[in-house]
Amino acid sequence: MVGVSTIAESILDNPVFVGLSKTEAEELASHCDILVLPAGRAVFEQGSSSQSIFVLFKGTLNVSVRDMAGKEHLVGNIQKGDVFGEMGVLEAQTRSATTITAEDSVLLRIPGTSFTMMVKQGHPAIHRLLQWAIRKSCHRLRDLDSRLDVLFAQDKNTSK
Amino acid sequence: MTRMTREDLHDALKKLVLFNALDDRGLSALSAIVRLEEYQDSDTVIQQGSPANGVYILLEGTIKVSMKTSTGAIVVLDELSPGNVFGTLAAIDRKQRGANCIAMSSVVVGRIAMLDFQDLMYGSSALALGFQIVILRSIFQELRETNSQLSELSALPHLPIV
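Heads up: the protein sequence lines correspond to chains A and B, in order. For the first sequence, my numbering assigns the number 1 to the initial residue and increments by one for each residue that follows. For the second sequence, my numbering assigns the number 1001 to the initial residue and increments by one for each residue that follows.
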């Protein structure tokens, strides 16, 4: 069992939570737990219900999706410092992919219920988390938009 | 002049799934800063290349999103229906608009002006956090749209948002 002050220290070390006070980090820590996982363990599986939001403190995760035929495809990875799992929780949907530790990893788990409670409190830790998630999603959207632009430029069917 | 009142706006927002992170107080506070705007069929709501002037919530009608690509072709990206939030990316980046939004019927939108938008995005009150969740979820929606367009055009597998 990892104590609140140890979790708070790891929270303060993470770029997501930069600028948070010690007290605020401890408040977040008191609602969270730390997962220490060896390589090859699933953090969550595609299709399972979305209970928590995670921050990867240490290690790397592989992200894979299962196709209709049941075959797993590696589609990306999650790097140290990243926030993930927020979409399932915010959209109240099942997990869209499976995440598996690619090496020994340490994660912060924020239960969805704690997240909702801290939103209502107007907690600065949630602000940091959301800013990170928004930045990440905007970055992704811009990336997809530019790929779309390239494809449109190649597509002869587009009208002038 | 628009026929929609503040109370109507509050009720309209309350019905939208995207806004369910906000309670009644949050919705009232948000309704108070939303500016209602009305457009006629074929009016331009957002012009590609213009500076960002806030984010929009489509309340009534339909809007077509199109883009002039780098090669000059006009492509239709999306069709928005009531409940959609749009104009987010440029507002966050404080950059120029990346697409045109054209009314396809008579349209009522709520606009949150840049300064109010920034206050909400940088704040950590319950209202601000609830609003940030709305914005994040609207980006998820756009990501899903763009993702399916990409896979249609390129036969690439759907990339999940985790």
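Here a beta-carbon is modelled for each residue, glycine too, at the ideal position from N, C-alpha and C. Keep in mind the model is a prediction, meaning the values are calculated, not measured.
- The C-beta distance from residue 21(A) to residue 4(A) rounds to 15 Å, too long to meet the 8 Å contact threshold.
- Rounded to whole angstroms, the separation of the alpha carbons of residue 1031(B) and residue 1011(B) is 9 Å.
- In the displayed model, residue 109(A) falls within a strand according to three-state DSSP.
- Residues of chain A whose Cβ lies closer than 8 Å to the Cβ of residue 1110(B) do not exist; the shortest such Cβ separation is about 20 Å.
- Counting only residues of its own chain and dropping the five nearest sequence neighbours on each side, residue 103(A) has a CB closer than 8 Å to the CB of 39, 59, 60.
- Using a Cβ-Cβ cut-off of 9 Å, residue 1021(B) is close to 90, 116, 119 of chain A, given in chain order.
- In the structure shown, residue 38(A) falls within a coil segment according to DSSP collapsed to helix, strand and coil.
- Distance from the Cα of residue 1077(B) is smallest, within the candidate group 154(A), 145(A), 7(A), for 145(A).
- Judged by beta-carbon spacing, residue 1124(B) lies within the 8 Å limit of residue 123(A), meaning their Cβ atoms are closer than that value.
- Each residue's CA atom was taken as its position, placing residue 1071(B) and residue 150(A) some 9 Å apart.
- DSSP, read as helix, strand or coil, puts residue 1091(B) in helix.
- Residues of the region 123-142 of chain A whose Cβ lies closer than 8 Å to any Cβ of chain B, in chain order: 123, 124, 126, 127, 130, 131, 133, 134, 137, 138, 140, 141, 142.
- Separation of residue 1053(B) and residue 1037(B) (C-alpha to C-alpha, rounded to the nearest whole angstrom) is 13 Å.
- Among the residues facing chain A, residue 1097(B) is not included, as its CB has no counterpart in that chain under 8 Å away.
- Here residue 16(A) really is in contact with residue 83(A); their C-beta atoms are around 6 Å apart, less than 8 Å.
- Taking C-alpha positions only, residue 1018(B) is separated from residue 1083(B) by approximately 7 Å.
- The residue from 50(A), 98(A), 152(A) with its alpha-carbon nearest to that of residue 71(A) is 98(A).
- In the DSSP assignment, residue 73(A) falls outside any alpha helix (DSSP H) and lies within the beta strand (DSSP E) extending over 72-78.
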